[in-house]
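To start, the structure under review is shown below, and the notes come after it.
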Amino acid sequence: MEFIHKLAAQYFQLVELNHLDLPPGSVLVRPEVQAALYEHMFDETIFPIPPHSYRSRVLKQILSRIEESITDPEQDEINDDLMESWSTLVSQPKPSSLQQAQQLSLVKYTAPNSTRTVTTSESRGLILSGGTTGNRTWEAALHLGSFLASNEGEELVRGKRVIELGAGTGFLALFCARHLGVQSVVVTDREPFLIDNINACIRYNQNGEKPIPIYPAVWEWGTSLDRTGELDGVEGGLKFDVALGADLIYDTDLVPLLLSTVGDLFDNYGVEQFIIAATLRNEDTFRTFLNGCGELISRREEILSNMLTMSETNKFTVETLSFESTPSEDQTGFFHSTSIPIRTYRISRAN
Ligand SMILES: C[S@@+](CC[C@H](N)C(=O)[O-])C[C@H]1O[C@@H](n2cnc3c(N)ncnc32)[C@H](O)[C@@H]1O
Numbered sequence: 494m495e496f497i498h499k500l501a502a503q504y505f506q507l508v509e510l511n512h513l514d515l516p517p518g519s520v521l522v523r524p525e526v527q528a529a530l531y532e533h534m535f536d537e538t539i540f541p542i543p544p545h546s547y548r549s550r551v552l553k554q555i556l557s558r559i560e561e562s563i564t565d566p567e568q569d570e571i572n573d574d575l576m577e578s579w580s581t582l583v584s585q586p587k588p589s590s591l592q593q594a595q596q597l598s599l600v601k602y603t604a605p606n607s608t609r610t611v612t613t614s615e616s617r618g619l620i621l622s623g624g625t626t627g628n629r630t631w632e633a634a635l636h637l638g639s640f641l642a643s644n645e646g647e648e649l650v651r652g653k654r655v656i657e658l659g660a661g662t663g664f665l666a667l668f669c670a671r672h673l674g675v676q677s678v679v680v681t682d683r684e685p686f687l688i689d690n691i692n693a694c695i696r697y698n699q700n701g702e703k704p705i706p707i708y709p710a711v712w713e714w715g716t717s718l719d720r721t722g723e724l725d726g727v728e729g730g731l732k733f734d735v736a737l738g739a740d741l742i743y744d745t746d747l748v749p750l751l752l753s754t755v756g757d758l759f760d761n762y763g764v765e766q767f768i769i770a771a772t773l774r775n776e777d778t779f780r781t782f783l784n785g786c787g788e789l790i791s792r793r794e795e796i797l798s799n800m801l802t803m804s805e806t807n808k809f810t811v812e813t814l815s816f817e818s819t820p821s822e823d824q825t826g827f828f829h830s831t832s833i834p835i836r837t838y839r840i841s842r843a844n
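So the sequence shown is residues 494 to 844, counted in my numbering.
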């Protein structure tokens, strides 16, 4: 019953109903399958439990598939625990659509081909709220997380001092701190309430009592990263090996600020490589950033196959990493849409 694990991983990630890999009624009707569904998804002692409205929608769909497949009511029946869960759900007051959209929910993401999980707190229904787009985890972060979950990706951060920019829910930094053996990860965003939210999520990602090496701090691009109280405990001071960023380039107005911060990270904070994942909604906006990298670091750009080599002194390169998105239907974790292409780039100093 391997499919239960994938279905449960999608369910705890609150994947939309039409993208869940729900088996047909002929499979769901089997008593052992129903018992496993209850045990892995609907038992209320499971933590974190998805929000009421989402649980109801998924369970309703499962029950109606089972009902449609019942051919012999004497033999086929609906599992008592599932029915009990359904009765409890329908007897509870249903939040309004607005409440549902604004509600913060704990979302548990499972890495591809593994049991490693990351829990964030987000409002899946909100795209822009409080002037930020950081209330939910975006496709580019899930794509970069899938890369970091691979051996090649993990090697980039294992044992390293990492900093994440514009982290939103902190999904990537939490994954690095909990599962990828980083020395430390400073996780930043300009919005204080997002940083508070990441701080609150740390406890859901701990390994027992053992603290994870994550340091949330407010940082707005274009300003200097001060050693505030939040960063006092960072081992080795404010020096980093690797910077990470996902879906930071969605507005051309932000590009100059981000560019100045990229320059700052290389010049003043010791960063050797910046790994950035971008959803190519608008190629021109992203081009502005890549071209800006060229102007920031040098005045000339040479295009060599898929590698852009920049600078007269060949100090920096922007390289497209060959990691491709797994098509949605074949994904086994960190589920995300690939309908808009996502690319990952490495900006580094050339040898
Ligand atoms: C589209 S969200 C991406 C969030 C996260 N990286 C992800 O992919 O799920 C962009 C994030 O960048 C942050 N951001 C935007 N402008 C910023 C700035 N000038 N300084 C720091 N962070 C900024 C926003 O607050 C938001 O959290």
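Virtual Cβ for every residue (Gly too), placed ideally from N, Cα, C.
Where residue i sits in the DSSP three-state scheme
i	result
arginine 696	helix
threonine 581	helix
proline 544	coil
valine 611	strand
glutamate 648	helix
serine 562	helix
alanine 710	strand
glutamate 728	coil
aspartate 842	A small fix is needed here, since residue 842 is arginine in this sequence, not aspartate. Three-state DSSP puts arginine 842 in a strand.
serine 677	strand
isoleucine 705	coil
isoleucine 688	helix
aspartate 719	coil
Paired residues, beta bridge with residue i - DSSP
i	result
leucine 737	Glu657, Ile768
aspartate 760	Its beta-bridge partners do not exist; DSSP assigns none.
lysine 601	Thr612
threonine 845	Summary: the structure shown does not reach residue 845, with the chain confined to residues 494 through 844, and so no result is reported for it.
threonine 813	Tyr838
aspartate 574	In DSSP, aspartate 574 forms no bridge with anything.
Distance between residue j and residue i (C-alpha atoms, nearest Å)
i	j	result
leucine 718	isoleucine 688	14 Å
lysine 553	arginine 617	21 Å
isoleucine 691	valine 735	20 Å
tryptophan 631	threonine 603	15 Å
aspartate 744	valine 680	21 Å
threonine 837	alanine 666	17 Å
glutamine 568	glutamine 824	36 Å
serine 639	glutamate 647	10 Å
leucine 731	alanine 528	51 Å
leucine 747	isoleucine 497	43 Å
threonine 538	serine 578	12 Å
glycine 715	threonine 662	21 Å
valine 655	arginine 548	36 Å
glutamate 525	asparagine 761	59 Å
alanine 771	valine 727	28 Å
leucine 591	serine 546	12 Å
phenylalanine 782	asparagine 511	35 Å
threonine 608	arginine 780	37 Å
_Restricting to runs no shorter than 4 residues, where is the alpha helix (DSSP H) found entirely within the segment 505-541?_
As far as the segment 505-541 is concerned, its whole alpha helix (DSSP H) runs of at least 4 residues are 518-521, 524-530.
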